Amino acid sequence: MGTYLALQMAYLHIGLKSALQYRVNFVGGVLGLLTHSLFAALGGIVLIDRFGGVEGWELGQIVFMFGLTRIQTGVIYSVFRGIVGWEFYVQEGFVDRYLVRPRGLLTQVPGAEFDVSGFGPMIAGAGLVAFGAAISPPNLTWWLVPWLAVVISSGIVIQLSLTMIVASFAFYNVQMGAATNSLERTAWQMNLFPASAYSAGVQALITVALPWAFMAFYPAHLLYGRDSDGLFGSPVLYLSPVAAMAAFAVGYGVWRRGIRKYQGMGGM
Amino acid sequence: MIHNRTSSLAPFLAITQLHARRTLVARVDILSNIAFGVLLAYGLAFLWQALYRAEFVPPTVPIDRMVTYAILGSVVTTSLQTGIVYYANWRIRTGDIIFDILRPINWQVSLLGDFFGTVIAQFVAVALPVVAISAVFLDFRPPASTVAALVFGPSLILGALVSYSIVFLILLLAFRYTQVGGIESAMRGFRPLLTGALVPLWFLPGGVGTAMEQLPFPAIAFTPLSIYIGETEGADIWVALARQAGWAVVLLATGAYFARRGMHKLSIQGG
Amino acid sequence: MREDSSATGPIIVANQLTRHYKVQKNALKTGRFGLGLVRREMEIVKAIDDLNFTIEPATAVGLIGLNGAGKSTLLKLITGVLVPTSGEVLVGGLQPSEHRKEVVRNIGVVFGHRSQLWWDVPLIDSLNVLRLIYSVDEKDYKQRLQSLTDLLEMGDLLPRAPRQLSLGQRVRGEIMASLLHGPNLLILDEPTVGLDIIAKAKIRRLIRSLIEEEGVTVILASHEVSDIEEICERTILLHEGRILYEGTIEALKAQANVERSLVLDVERGTGQGSDDVVVEQVTIPLSGNDTARRLAEVASLGTVSGAQVTGGSLEVILARLFDEATN
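Protein chains in written order, with the working numbering: chain A, 1 to 268; chain B, 269 to 539; chain C, 540 to 866.
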């Protein structure tokens, strides 16, 4: 564990050092994704402000929830950049390079492919959370901060697991670069609005198959002292960590299968 | 000169076809784009219904038209998303751009072939299935009138041209700054909003909507979409088309001018 | 660690090692509607076909083969990146695909076409990350760093980033990076690609001294035949996934001798005037047992004004071997 942490720190150190060599790119990458997140939010804000809310959710609450999902996405973009762009790494033979080392792929890839531009959505997300909380303050209880920490980490794991499932296609020599993109894009558009706005079928889908509703929507109910207004009643409001673990079990399983298949198939 | 222009049509078509096929071969990409597209269409349809249920001065556009607009906006945005900025940026950075410039076909034209090939393939293989499914299961409506039906196609193509010319201007920045990926990322955030694909301009607060109409972006999605649902009608249609064409010409010419300067710089500095 | 492996016999054993690929015929055929929904035709390529060989510790083995002969596949099987279709390869007694992490801990890999170093940060920083990847402890690392720096003459290069180094210096950096964790097996895939003759010679000398001083076993895949000639004692010739020749370079060279001949320019008087001479070329095969007699004969004909050896280089015999094997 000690050397594991030391390794991740060394990766981070070398990644930042390398990124800082090209200050324009560094700033450009961060600003690009920061603006992306802010404008994505702005679209929602304009609409909700115009219509005065969605299904009883106020503007501030919606922005707060969207901000949380942006922080989670930012972490995916910086720490798990390698998995988002996995197709490239398979095609360019990076996988082989990782496999000739005595470490697992998931130990090496996050650090080795760390991308600072993920700080963009993280910063934007933090700003949106602060902005949302300023307009619609959540209940200030002692468990607010710990619960937020749990929610944010669960959301990261959920989105990571989904990304891993899509990325695993690359092990089968399948072209899927656009699929990871549309996964991310669909996630942000769906997360922009409260899940209760959607039909029962869509709600079921984003609770069970693509559990995006656990990234912010369900757990935020507790922060705003709301009862469940969704399809699944109140238990789901507490279940983000469980959903994350379940998603990861599936995602990791698919990923392992992909590696096995890659080793069995490989490229010339 | 004339000889040059006629001879570049065949390679242009070949490039377009090549990239269309390249896009179509990626079956996982296409199937997942259809699946996510349908999910987004469902999401948008119900979202707008939820918005219309909120207490607010009733909008002038009926809900079914608004749902149609939103779904079209989503598929048009997806269809227009290509990787050419990242790709050209990569080639400029590695110096491989020299091969593109050495070819006896104008770089701006050959990239347009790349763009159109990808966009047409995405439109046919992804957007149309999503629209077909939406037409069966959701409040998706046919074009508002015969004129709207006839003009929608050309307007969409003009919109795609404007979209390309803006993308081209962005990637020209790569000659100066080695990395323009950030700008493209930011654009992916702007695009649904600035083009009016996510929020029609008439829902924007007063001044903002009018100001945005003066920009080229609405020509990409807002113009064809409002023609389709009949919000733009009669003589306004022709004015709208003329504006789109005007933007396309101006932006493409600007691109051509700066491309020439960029190449010139490249040939002096040697990359 | 290294002493152990030399005591326990071969470091690599391949038993009927076989690796097939399923590849798609005509990849761009996309079907009637362009979606490629029709069944794609698959074809089986035998990349590695029933190989049996052993590699002894502290030796250097050269892997020679045409493009697509199966060299990369074999290296990937040895490093556990790929799983054999049938048969097995044992590295230090373990199956790499089953015990990947244990096996690769004792392997260093250099790909001439790729880099394991961070392009734009000082070499020493890359080495530090690799130290942590391989869990080399601080003390061993310092020692190792010192000895490798001396051996590979990297002294003042460590604070520099790879992008500031010449290709030759960078390759030395790559070799250093792959040896940091003290592997007893070093795999080199085209290590001298793109290097000039001076840099090539230097790399070859360094690899040789690694084998002699450090007792490292080297597997070298290269299209540069002279790399293999100068570094390796043994060679494996791969052709379409099978072994075409396995043995010492000496034996191969002896075979090469068959083809070698001496071409002499002989000046002979025409008999009409003392200044009037013609130059005649005489070819004498070097393999025959009458070479000396024929040389004497030629010398008696006139003055030998020039001599050159033709044909018979390792490269020529290899080309002939591969050519014969293909037909």
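Where a beta carbon is used, it is the ideal one built from N, C-alpha and C, also for glycine. Predicted model only: the values in this text are computed from it and were never measured.
Neighbourhood of residue i by C-beta, 7 Å cutoff - its chain only, sequence neighbours within 5 removed
i	result
C:Ala-599	Ile-750, Val-757, Leu-759, Ile-770, Cys-771 and Glu-772
A:Ile-156	Gln-72, Val-75 and Ile-76
A:Leu-7	Gly-111
B:Ile-497	Arg-333, Thr-336, Tyr-337 and Ala-412
A:Ala-204	Leu-231
B:Leu-472	Met-480
A:Gly-82	Tyr-89, Val-109, Pro-110, Ala-112 and Glu-113
C:Glu-763	Thr-731
C:Leu-825	Asn-796, Arg-799, Ser-800 and Leu-801
Buried or exposed (CB count within 10 angstroms, at least 16 for buried), residue i
i	result
B:Ala-510	exposed
B:Arg-321	exposed
A:Trp-143	exposed
B:Trp-470	exposed
C:Asp-588	buried
C:Arg-859	exposed
C:Arg-709	buried
A:Leu-16	exposed
B:Ile-352	buried
C:His-652	exposed
C:Ser-839	exposed
B:Leu-319	buried
B:Arg-528	exposed
Element boundaries [alpha helix (DSSP H), containing residue i]
i	result
A:Val-46	23–51
C:Asp-664	662–672
B:Tyr-310	295–321
B:Ile-366	365–370
A:Pro-110	105–112
B:Met-334	331–348
A:Val-202	200–204
C:Ile-770	764–770
C:Leu-613	610–617
DSSP state of residue i mapped onto helix, strand, coil
i	result
A:Gln-91	helix
C:Gly-651	coil
A:Met-176	coil
C:Gly-575	Low confidence applies here, because C:Gly-575 scores a pLDDT of 47, under 50, leaving its location unreliable; read the following figure in that light. Residue state, collapsed to three classes: coil.
B:Gln-285	helix
A:Asp-227	coil
C:Asp-659	coil
B:Ala-465	coil
B:Thr-478	helix
A:Leu-239	coil
C:Asn-645	coil
B:Thr-414	helix
C:Met-581	strand
C:Glu-729	coil
B:Gln-376	helix
C:Ser-852	coil
N- and C-terminal bounds of the beta strand (DSSP E) containing residue i
i	result
C:Leu-602	599–604
A:Phe-66	Taken as a continuous stretch (DSSP letters only), A:Phe-66 belongs to no beta strand (DSSP E), being part of the alpha helix (DSSP H) at 59–79.
A:Thr-163	Counting along the chain, A:Thr-163 falls outside any beta strand (DSSP E), though it belongs to the alpha helix (DSSP H) covering 144–167.
B:Tyr-445	Neither: B:Tyr-445 is in no beta strand (DSSP E) and is coded neither H nor E.
C:Ser-800	800–808
C:Pro-824	816–824
Check: residue i C-beta below 8 Å from any heavy atom of the ligand SAM
i	result
A:Pro-121	Judged by which ligands are present, the structure shown has none, so any question about the ligand SAM falls away.
Neighbourhood of residue i by C-beta distance below 6 Å, restricted to the same chain and skipping five residues each side
i	result
B:Thr-386	His-287, Thr-291 and Thr-350
B:Phe-384	Thr-284
C:Val-492	The structure shown does not extend to residue 492 of chain C, since chain C is modelled only from 540 to 866, so the question has no answer here.
C:Gly-601	Leu-759, Ile-767, Cys-771 and Thr-774
B:Gly-464	Pro-486, Ala-489 and Phe-490
Own chain residues within Cβ distance below 8 Å of residue i, not counting five before or after
i	result
C:Glu-627	Ala-553, Asn-554, Gln-555, Leu-556 and Gln-634
A:Gly-338	Shown here, chain A extends from 1 to 268; a query on residue 338 of chain A therefore has no answer.
### Query
According to a CB-to-CB cut-off of less than 9 Å, which residues of the region 432–459 of chain B neighbour chain A?
Tyr-445, Thr-446, Gln-447, Val-448, Gly-449, Gly-450, Ile-451, Glu-452, Ser-453, Ala-454, Met-455, Arg-456, Gly-457, Phe-458 and Arg-459
*Could you run through the region 471–482 of chain B and flag, in chain order, every residue whose CB is less than 7 Å away from some CB of chain A?*
The region 471–482 of chain B vs chain A, Cβ under 7 Å: Phe-471 and Leu-472.
**Residues of the region 293–304 of chain B with Cβ closer than 9 Å to any Cβ of chain A, in chain order** = Val-293, Ala-294, Arg-295, Val-296, Asp-297, Ile-298, Leu-299, Ser-300, Asn-301, Ala-303 and Phe-304
If you measure beta-carbon to beta-carbon, which residues of the region 350–380 of chain B are closer than 8 Å to chain A?
Gly-351
Output, in sequence order along the chain, the residues in the region 21–49 of chain A whose CB is closer than 9 Å to any CB in chain C.
Across the region 21–49 of chain A, CB contacts with chain C closer than 9 Å involve Gln-21 and Tyr-22, in sequence order along the chain.
> Using a beta-carbon distance cut-off of less than 8 Å, what residues from the region 165–187 of chain A approach chain B?
Replying inline: Val-166, Phe-169, Val-174, Gln-175, Met-176, Gly-177, Ala-178, Ala-179, Asn-181, Ser-182, Leu-183, Arg-185 and Thr-186
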